[in-house]
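Under numbering that gives the first Met the number 0, the first residue of the sequence shown carries the number 0, and numbering increases by one thereafter. Everything below concerns the one structure shown next.
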Amino acid sequence: MTFLGKFKYFGLREKFVLVVSMVIISSMLIISGYLIKRQNEIYHQELVSRGQALVTSLAYNAEFGVILESQSDLEELLKGVSRADDITYALICASDGRVLAEIGVDKFAAVRDNLAHTEDEPDGGKYRQRQYFDHEGTEYIEIRYPVQTRKQQLSRENLGSVFDYQARDYGSDTEIIGEVCLGLTMANLREEINRSQSAAILLTLMVVFSAIIIMTAFVRVIVHPIKTLVEVTDQISKGDLSKTVDINRRDEIGLLAESFNRMIESLKKSQQEIEEYNRNLEQKIIERTHELEDAQTQLIQSEKLAGIGQLAAGVAHELNNPLGGILGYAQFTLEKMEKKEIATLTPKDYESFKRYLRDIETQTRRCKTIVQNLLKFSRSSSKVEFHDTDINQVMEETMTFIEHQLVMNQISLKKDLDKHIPIIQGNPGQLQQVFTNMIINALHASPAGTTITIMTRYLPPLGEFPGAIEIYIADQGMGISEDNLKKIFEPFFTTKEVGKGTGLGLSVSYGIIKDHGGEIKVKSKVGEGTTFAIIIPLEKKAVAVDKIEIDK
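Right under this line is the structure:
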């Protein structure tokens, strides 16, 4: 049972305490999380700002030391900033990359290029800032700032003119002569954040425990009169109307108690009337119960008859196809045996008879499968067993079974089966039932001398499209009108003459293809013919197809 399922069995006190506690805990966690995050951002920004100020000051004061390459002066300069706990190392480099002075250990120097880092260049690109993380997850910030010196360019005409040199700019510019690098660790910041988190958790627990204690006492004051109401209600449910609720309060619970007492008085008055009617009520209930049972029996019987009629009509329609093939093979075999004596039969004839008998056995088993599939259609919750299926093989077996009927009706068959179609998970018996029904429908709609085209095509996966197999069955028959196209998959809809169809074939086929995760599309034009497209995905999911095209 889930938590929500158990929650409804809690008492009022437990529900109130639990809900309020959850609200308080959630609020405290959200507020604490926000404050800690904000504090982290402030501390981080303050550390970066302090580092930028220090590296700027070092670069300014290191100008003459870099020009003179005085290691002692530069080291004295670095000692002043190295006393801070957040600074792990500091170094001053010449413009050619030589380290002129260094304090601390740059543990990322050897592997800096291989580490994951982020780099930022604020303030017009003067600062270069990088962030590193060691194997323990500690963050380090490296800030670099160039050491610059001013170059003065004086023209020959103004050489020696002190006034003009001070008052005007004659091409003065700056030159980068080195760089100051400062490494900062975020370990102290992380410790401060951890202390803040611990304090927030401790504060949350204190607030929650205090709230639970206060709420428990408060709920007890509310729940006690409700328990009294429950006890009186329990006595009333046992038929004892002598009890009343004694609650001297003027709040909502007191008003509820007064209303409850009035209800008890009303029940006492109604009890006498109920006892008066009770004598005749039993007889009336018995009469009505018999009437309802008779009506229910008739309804169940009518539903059974409707279901039996639907299954019987479906079996008669669907079994006609395989039974027609069985009859054709039997008549063909009988005709051969009547024309020849048994002694004159050749081994080739015996082999033909064996093949015919095997086909008859196969189609007889097919009849059994059809009955099971029609029962499945009436019970849509039944499961279908899928296994490896070759669509082309199923189609070949279906065409072998129906080919004789096509020849008898003077209809030619054109096959174009894609040899690259992969094996899919499906039910060959059900798919053969679909193909058989589609081809038989095309046969009935096609006049003599026309052609039925059967084509399979493999659509490989592409992007989010999982891939699919398409089976086209096209005829050159009378076609289907626009109005009937919208209804052809409805059960019992048929355009055939009375007695030649029940309208279950396409609806059963549609259900089978849906079980395979596919769909059936149809395109038809009156007087030109009809094309059915069966789309079966490689994975069992719906495949959207906007239009149907067939190469002819």
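Glycine included, C-beta positions come from ideal geometry on N, C-alpha and C.
Under DSSP, the beta-bridge partners assigned to Pro536 are Ala467. Cβ-Cβ distances below 6 angstroms link Cys180 to Leu90 and Arg143 in the same chain, with the five nearest sequence neighbours on each side left out; the list follows chain order. From the listed residues Gly253, Arg261, Leu266 and Ile225, the smallest Cα separation to Asp239 is found for Leu266. Distance between Ser25 and Tyr33, taken at the CA atoms: about 12 angstroms. Listed as beta-bridge partners of Ser523 by DSSP are Thr529. Boundaries around Glu62 are those of the alpha helix (DSSP H), Glu62 to Leu67, since no beta strand (DSSP E) includes it. In terms of Cα proximity to Glu75, the closest of Arg129, Phe531, Leu99 and Thr450 is Leu99.
CA-to-CA, the gap between Tyr349 and Gly324 works out to about 19 angstroms. As the crow flies, the alpha-carbon of Thr232 is around 9 angstroms from that of Val244. In the structure shown, the three-state DSSP call for Phe132 is strand.
Its chain contains Val65, Ser94, Val146 and Thr148 as the residues whose beta carbon lies nearer than 6 angstroms to that of Ile176, once the 5 sequence neighbours on both sides are disregarded; these appear in chain order. In this structure Pro536 is buried. Its beta-carbon is surrounded by 16 or more other beta-carbon atoms within 10 angstroms. By a beta-carbon distance limit of 8 angstroms, Ile86 contacts Leu183. Their separation comes to about 6 angstroms.
Its chain contains Phe385, Thr388 and His515 as the residues whose beta carbon lies nearer than 6 angstroms to that of Gly425, once the 5 sequence neighbours on both sides are disregarded; these appear in chain order. In this structure, Thr449 sits away from Ile423, with a CB-CB distance that is not shorter than 8 angstroms. In the structure shown, Glu101 falls within a strand segment according to DSSP collapsed to helix, strand and coil.
If you draw a 10 Å sphere on the C-beta of Met394, you find 16 or more other C-beta atoms in it, and that means buried. Following the DSSP letters along the chain, one finds His443 inside the alpha helix (DSSP H) bounded by residues Pro427 to Ala444. For the pair Gln70 and Ile192, the CB atoms are not nearer than the 8 angstroms cut-off. In the three-state DSSP reduction, Thr148 falls in the strand class (E or B). With fewer than 16 neighbouring CB atoms inside 10 Å of its own CB, Met262 falls in the exposed class.
Going by C-alpha positions, Ala467 is about 6 angstroms away from Tyr457. Per DSSP, Ile41 has no beta bridge partner at all.
One Cα belongs to Ala256, the other to Val18, and the distance between them is close to 27 angstroms. In the DSSP assignment, no residue is bridged to Tyr328.
By DSSP's assignment, Cys366 forms no beta bridge with any residue. Distances from the alpha-carbon of Gln130 to those of Gly50, Ala199, Tyr59 and Leu77 put Gly50 closest.
DSSP places His515 in the coil class of the three-state scheme, outside both helix and strand. Across the set Glu138, Leu77 and Pro346, the C-alpha of Glu138 shows the shortest separation from the C-alpha of Val47. For Ser411, the enclosing beta strand (DSSP E) starts and ends at Ser411 to Asp415. Ile451 is positioned such that its CB atom lies closer than 8 angstroms to that of Asp474. In this model, Glu272 and Ala210 are separated by some 52 angstroms (Cα to Cα).
Per the coordinates, the alpha-carbon of Lys353 lies some 12 angstroms from the alpha-carbon of Ala329.
The Cβ atoms of Gly476 and Gly528 sit closer than 8 angstroms to each other. Ser523 sits away from Asn436, with the two beta carbons spaced by 8 angstroms or more.
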